[in-house]
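Beneath this line is the structure, given in structure tokens, with notes to follow.
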Amino acid sequence: RRDVSEILDVLDLVVLTSKWEGMPIAIIEALCKGCPVVATNVGGAAELIKEGVTGYLTKPGEYQETADCILKILEDSNALRKMKEEASLSIDSSFDIHRMLNEVESLYREST
């Protein structure tokens, strides 16, 4: 979709209840736009979501746990505001171009 950015601008949070994933682009997009994420703990979700800081991870198939996490975020406006701030910051630091280039350069140096 071409309107993902606009959709994310109006959301308070994103929920992703996959049974399997690689590196979930939906989570990266949500965090970039400052949306906390409630997601199942599959694939790369745990690498992206800081538990209780940028969102929550739940077990696949545990729908009540997922619902509880959603309510925990939505019922506390201060927590929601803080999570939105942390969501943006987490992606900025994790996917910083300079940091990523340094890591790639280090890998090349180690391999030669």
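Be aware that the sequence shown starts at 1, since it is given in the working numbering, and climbs by one per residue. Note that CB positions come from ideal geometry on N, CA and C, so glycine has one too.
In this structure, LEU8 sits near LYS33, with a CB-CB distance shorter than 8 Å.
Per DSSP, the continuous beta strand (DSSP E) segment holding THR40 begins and ends at 37-40. Each residue's CA atom was taken as its position, placing ASN102 and GLY52 some 29 Å apart. Under the three-state reduction of DSSP output, GLU29 falls in the helix class. About 7 Å separates the Cβ atoms of VAL14 and ALA26, confirming a contact at the 8 Å cut-off.
With 16 or more neighbouring CB atoms inside 10 Å of its own CB, MET83 falls in the buried class. Taking 8 Å as the cut-off, the Cβ atoms of ILE91 and PRO36 do not count as close. About 15 Å separates the CB atoms of LEU57 and ILE28; that is not less than 8 Å, and the two are not in contact. By alpha-carbon distance to LYS19, the top candidate from GLU110, SER88, GLY61 is GLY61. Between THR66 and GLU110, the alpha-carbon positions lie close to 42 Å from each other.
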